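Trainee: To start, I am sharing the structure in question, which I have written as structure tokens.
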Amino acid sequence: MKNSKAILVTPKHFEIQEASVPEPKPKEILLKVEYVGMCGSDIHGFEFGPFIPPKDPNQEIGLGHEVAGEVAKIGSEVTKFKVGDKVLIEPGVPDDICGYCRTGRYNICPGVDFMATQPNYRGALCQYMTHPEDWTYHVPEGMSTMEAALVEPAAVGMHAALLGGAQLGSHIVILGCGTIGLMVLQACLSLGVTDISVVDVIPSKLELALKLGAKEAVNGKDVDAVEYFRSEDKFGDHGVDLVFECGGSAFLAQQAVQLVARGGKIMMVGTQSKPVPIDFLKINREVTIQTSFRYCNNFPQTIEAIATGKFNVKDMVTNVYNYKDVQQAFTDAIDPEKKTDMVKGVIKVAGTPGYEE
Ligand SMILES: [Zn+2]
7 MKNSKAILVT PKHFEIQEAS VPEPKPKEIL LKVEYVGMCG SDIHGFEFGP FIPPKDPNQE
67 IGLGHEVAGE VAKIGSEVTK FKVGDKVLIE PGVPDDICGY CRTGRYNICP GVDFMATQPN
127 YRGALCQYMT HPEDWTYHVP EGMSTMEAAL VEPAAVGMHA ALLGGAQLGS HIVILGCGTI
187 GLMVLQACLS LGVTDISVVD VIPSKLELAL KLGAKEAVNG KDVDAVEYFR SEDKFGDHGV
247 DLVFECGGSA FLAQQAVQLV ARGGKIMMVG TQSKPVPIDF LKINREVTIQ TSFRYCNNFP
307 QTIEAIATGK FNVKDMVTNV YNYKDVQQAF TDAIDPEKKT DMVKGVIKVA GTPGYEE
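Heads up: the sequence shown begins at 7 in the numbering used here, then just goes up one per residue.
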């Protein structure tokens with residue numbers, strides 16, 4: 007059994023380094039990694055270094071936290087899994103003792119140990135890794151390990167959709183059709199919503215949104231989205247009950263403010279990296295602005311939605327790279343020419359050319 011890991015030695019530069027195979031603790035499994043999804047946060051980390059820089063300048067930086075594979079070994083007290091099981095993991099391990107954990111909101115636990123960020127910057131781009139049994143799930147019949155690796159970003163969409171109160175009968179506008187916007191779209195569809203409009207400026211993403219089940223796709227380059235949705239033929243003076251900002255853009259956040267109905271809700275799902283001026287006078291009729299962070303108890307529902315075909319992650323995968331080409335994968339992801347048509351990239355690890363057993 008050989009191990010290696012892709013380490014970000016400097017921004018924009020990975021090195022695949024040999025490593026020892028970790029030994030699972032009593033309640034841990036050893037995971038043989040098969041697929042790792044490329045998250046926007048990984049791509050940002052590749053380009054500029056981690057969002058939250060490590061305290062120790064010598065800290066080893068790994069990337070990747072959307073991961074699935076096969077159980078290669080189990081700790082002495084593991085009961086739910088056996089060697090050979092296909093599994094996926096929840097990459098954040100909360101401390102289980104703080105007030106947030108105690109009240110069931112472990113996604114905002116300040117003591118969480120989340121992969122590829124502080125405190126340990128442990129990345130899933132490796133051949134073998136250990137993980138607690140409690141934060142590991144079986145891949146059900148009919149789901150591939152590639153789909154299983156995408157349960158994590160899908161759960162982000164599911165959590166946001168549920169927090170937003172999306173349900174059959176909701177009228178929804180999603181601003182931004184990157185991975186997260188498309189995940190929110192599908193989460194809303196899986197919850198029974200039928201009337202979902204999406205807005206983006208990239209035609210291939212709009213086409214994909216329609217293929218995945220959006221009722222209409224509006225190109226924000228050709229049409230003023232506020233004028234359009236506020237027109238008499240659409241939502242008129244009433245506005246939109248539920249608006250999702252999924253682009254991490256100040257412009258879209260301000261459009262959301264102009265679109266939302268009295269008493270409606272704006273779900274802020276995208277990461278806003280700069281302050282956004284908001285005209286609160288426009289939303290003083292009891293509008294809710296709700297931010298959403300990762301997911302909380304959403305994996306079982308998301309796994310079922312994907313396994314039963316209600317949530318299509320497979321068709322979001324536009325690029326598949328082999329493990330040895332991880333440098334190329336991330337270089338493509340930040341290439342202005344190539345990145346516009348990349349919705350979801352995944353890295354295939356075990357069994358690919360150059361992979362040593
Ligand atoms: Zn906690």
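No residue lacks a Cβ here, since even glycine has one placed at the ideal position from N, Cα and C. Bear in mind the structure is a predicted one, so any value in this text is a computation, not a measurement.
Please classify Q65: does DSSP put it in a helix, a strand, or coil?
Mentor: For the purposes of this step, residue 65 is identified with residue 59 of the sequence shown, where counting begins at 1. Three-state DSSP puts Q65 in coil, outside helix and strand.
Trainee: Are the segment 346 to 359 and the segment 206 to 219 in contact at 8 Å, needing three or more beta carbon pairs?
Mentor: Yes, the segment 346 to 359 is in contact with the segment 206 to 219.
Trainee: What's the C-alpha gap between L197 and K320?
Mentor: By one-based count along the sequence shown, residue 197 stands at place 191. By one-based count along the sequence shown, residue 320 stands at place 314. Answer to the nearest angstrom: the Cα atoms are 19 Å apart.
Trainee: In whole angstroms, what is the alpha-carbon distance linking I295 and A259?
Mentor: Here residue 295 refers to the residue found at position 289 when the sequence shown is read from its first residue. Here residue 259 refers to the residue found at position 253 when the sequence shown is read from its first residue. Using only the alpha carbons, I get a separation of about 10 Å.
Trainee: If I'm right that A12 touches K38 with Cβ under 8 Å, what's the distance once you round it to whole angstroms?
Mentor: To locate residue 12, count along the sequence shown from 1; it is residue 6. To locate residue 38, count along the sequence shown from 1; it is residue 32. About 16 Å separates the two Cβ atoms, so there is no contact after all.
Trainee: Mapping DSSP to helix, strand and coil, what is E40?
Mentor: Mapped onto the sequence shown, residue 40 falls at position 34. In the structure shown, E40 sits in a strand (DSSP, three-state: E or B).
Trainee: Check C194 in the structure and name its three-state DSSP category.
Mentor: Locating residue 194 in the sequence shown gives position 188, counting from the first residue. Three-state result, C194: helix.
Trainee: Pull up the DSSP beta-bridge partners for N225, would you.
Mentor: The residue labelled residue 225 in the question sits at position 219 within the sequence shown. D206.
Trainee: So, helix, strand or coil for L131, using DSSP?
Mentor: Here the question's residue 131 lines up with position 125 in the sequence shown. It is coil, neither helix nor strand.
Trainee: Does the count of Cβ pairs from the segment 35 to 55 and the segment 134 to 144 closer than 8 Å reach three?
Mentor: A contact exists between the segment 35 to 55 and the segment 134 to 144.
Trainee: Name the DSSP bridge partner or partners of S26?
Mentor: Counting from 1 along the sequence shown, the entry for residue 26 is found at position 20. Partner(s): none; S26 has no beta bridge.
Trainee: Give the range of the alpha helix (DSSP H) segment to which I49 is assigned.
Mentor: Within the sequence shown, residue 49 is the residue found at index 43, counting from 1. Segment 46 to 54, the alpha helix (DSSP H) holding I49.
Trainee: Do the segment 188 to 196 and the segment 327 to 340 touch if we need at least three Cβ pairs shorter than 8 Å?
Mentor: No: fewer than three Cβ pairs fall under 8 Å.
Trainee: Thinking C-alpha only, which one of G226, I49, E29, N9 is nearest F20?
Mentor: In the sequence shown, residue 20 corresponds to position 14, counting from 1. Considering only alpha carbons, the answer is I49.
Trainee: Between I289, G253, Q278, P146, which lies nearest to A267 when the distance is taken from Cα to Cα?
Mentor: The residue given as residue 267 occupies position 261 in the sequence shown. Nearest of I289, G253, Q278, P146 to A267, Cα basis: I289.
Trainee: Out of Y134, F57, E238, P100, point me to the one whose CA is closest to G357's CA.
Mentor: Here residue 357 is taken as the residue at index 351 of the sequence shown, counted from 1. For the residues Y134, F57, E238, P100, the minimum Cα distance to G357 belongs to Y134.
Trainee: Name the DSSP beta bridge partners of Y143, please?
Mentor: Working through the sequence shown from its first residue, we reach residue 143 at position 137. According to DSSP, Y143 bridges with L94.
Trainee: Measuring from the CB of I103, is there a heavy atom of ligand 1 at a distance below 7 Å?
Mentor: By 1-based counting over the sequence shown, the position of residue 103 is 97. Correct: I103 has its Cβ closer than 7 Å to ligand 1.
Trainee: Please confirm whether any heavy atom of ligand 1 lies closer than 7 Å to the CB of Y112.
Mentor: Reading the sequence shown from its first residue, position 106 is the one you call residue 112. Answer for Y112: yes, Cβ within range of ligand 1.
Trainee: What residue does the alpha helix (DSSP H) around I309 start on, and which one ends it?
Mentor: What you label residue 309 is simply residue 303 of the sequence shown in a count that begins at 1. That run of the alpha helix (DSSP H) goes 305 to 313.
Trainee: Does V232 come out as helix, strand or coil in the three-state DSSP assignment?
Mentor: For the purposes of this step, residue 232 is taken as the residue at position 226 of the sequence shown. DSSP places V232 in helix when its eight states are reduced to three.
Trainee: Should C107 be listed as close to ligand 1, given that the test is whether its C-beta is under 7 Å from any heavy atom?
Mentor: Here residue 107 refers to the residue found at position 101 when the sequence shown is read from its first residue. Under cutoff, so the answer is yes.
Trainee: According to the neighbour-count rule (16 or more other Cβ atoms, all chains shown, within 10 Å of its Cβ), is L174 buried or exposed?
Mentor: For the purposes of this step, residue 174 is taken as residue 168 along the sequence shown, with counting starting at 1. Burial call: exposed.
Trainee: Out of E96, V89, P116, D91, which one is the CA nearest neighbour of D102?
Mentor: Numbered from its first residue, the sequence shown carries residue 102 at position 96. Among E96, V89, P116, D91, the Cα nearest to that of D102 belongs to P116.
Trainee: Determine the extent of the alpha helix (DSSP H) in which L169 is found, giving its start and end residues.
Mentor: Reading the sequence shown from its first residue, position 163 is the one you call residue 169. Element bounds for L169: 157 to 170.
Trainee: Looking at C-alpha atoms only, which residue of D228, I208, T200 is the closest neighbour of G221?
Mentor: On the sequence shown, residue 221 is found 215 positions in, with the first residue counted as 1. It is Lys, not Gly, that sits at residue 221 in the sequence shown. Measuring from the Cα of K221, the nearest candidate turns out to be T200.
Trainee: List the residues that DSSP assigns as beta-bridge partners of G351.
Mentor: For this step, residue 351 is matched to residue 345 along the sequence shown. For G351, which the question treats as bridged, DSSP gives the partners N325.
Trainee: Classify N64: buried if its beta carbon has 16 or more other beta carbons within 10 angstroms, exposed otherwise.
Mentor: Here residue 64 refers to the residue found at position 58 of the sequence shown. N64 comes out exposed.
Trainee: Among S203, G148, S210, whose alpha-carbon lies nearest the alpha-carbon of K345?
Mentor: Here the question's residue 345 lines up with position 339 in the sequence shown. Considering only alpha carbons, the answer is S210.
Trainee: Considering only heavy atoms of ligand 1, does any lie closer than 7 Å to the CB of P100?
Mentor: For the purposes of this step, residue 100 is identified with residue 94 of the sequence shown, where counting begins at 1. Under cutoff, so the answer is yes.
Trainee: Please identify the residue among G55, G75, K280, Y234 whose C-alpha is closest to the C-alpha of Q264.
Mentor: Reading the sequence shown from its first residue, position 258 is the one you call residue 264. Considering only alpha carbons, the answer is Y234.
Trainee: Determine the direct distance from the alpha carbon of Q307 to that of N9, and round the result to whole angstroms.
Mentor: Locating residue 9 in the sequence shown gives position 3, counting from the first residue. Locating residue 307 in the sequence shown gives position 301, counting from the first residue. Taking the straight line from one Cα to the other gives about 33 Å.
Trainee: Beta-carbon within less than 6 Å of Q333's beta-carbon, same chain only, minus the 5 sequence neighbours each way: which residues are those?
Mentor: Here residue 333 refers to the residue found at position 327 of the sequence shown. Excluding positions up to five away in sequence, the list reads F20.
Trainee: Could you tell me the distance, in whole angstroms, from the CA atom of E251 to the CA atom of I272?
Mentor: Reading the sequence shown from its first residue, position 245 is the one you call residue 251. Reading the sequence shown from its first residue, position 266 is the one you call residue 272. The alpha-carbon atoms of E251 and I272 are separated by roughly 7 Å.
Trainee: Using 7 Å as the cut-off, classify the Cβ of C302 as near or not near the heavy atoms of ligand 1, replying yes or no.
Mentor: Translated into the one-based positions of the sequence shown, residue 302 becomes position 296. No, since every heavy atom of ligand 1 falls outside the 7 Å radius drawn around the Cβ of C302.
Trainee: Measuring straight from C-alpha to C-alpha, what distance separates K330 and D230?
Mentor: For this step, residue 330 is matched to residue 324 along the sequence shown. For this step, residue 230 is matched to residue 224 along the sequence shown. Their backbone Cα atoms lie some 44 Å apart in a straight line.
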